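All you need for the working numbering is the position in the sequence shown, starting with 1, plus 477.
By construction, the Cβ of each residue, glycine as well, lies at the ideal position given by its N, Cα and C atoms.
Since this is a predicted model, take the numbers as computed values, not measurements.
Below is one structure, written out as C-alpha cells; the observations come after it.
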Amino acid sequence: MKARVTVMLKTGVLDVQGEAVRRALGTLGFEGVEAVRQGKVIELDLAATDKAAAEAEVKAMCEKLLANTVIEKYSVEIA
Numbered sequence: 478m479k480a481r482v483t484v485m486l487k488t489g490v491l492d493v494q495g496e497a498v499r500r501a502l503g504t505l506g507f508e509g510v511e512a513v514r515q516g517k518v519i520e521l522d523l524a525a526t527d528k529a530a531a532e533a534e535v536k537a538m539c540e541k542l543l544a545n546t547v548i549e550k551y552s553v554e555i556a
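What follows is the structure, encoded as C-alpha cells:
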C-alpha cells in the first residue's frame, strides 16, 4: 500500500516561507498572488494489506514524528 501525508501549518500560524515565496513571485512579476502557504508531502510505501490498519499506523507516525501537531495539521491518503 502507499500512503501520502500532507503536512501544512495550522491556520493562524505565520508561514514565513510562504510569505517569502509570495514576495519573490511579486518581484518576478506575478502580482496576482495574494497569499502562499507552504507545506510538505511525504509518500510512504507500506507492507500493510489492511487499509484501516495502515491509516491508523500512518496517523501514529504523524503524531510521533512526521508532523509537529502543535503548529501543523496533517491529512492522510491511503491507496
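- By alpha-carbon distance to residue 514, the top candidate from 489, 533 and 543 is 489.
- In this structure, DSSP gives residue 510 a state outside helix and strand, which the three-state scheme calls coil.
- Within the stretch 490-536, the complete beta strand (DSSP E) segments of 3 residues or longer fall at 517-522, listed in chain order.
- With respect to residue 548, residue 531 sits apart: the two C-beta atoms are not nearer than 8 Å.
- Taking every protein chain shown into account, the CB of residue 529 has fewer than 16 other CB atoms within 10 angstroms, so this residue is exposed.
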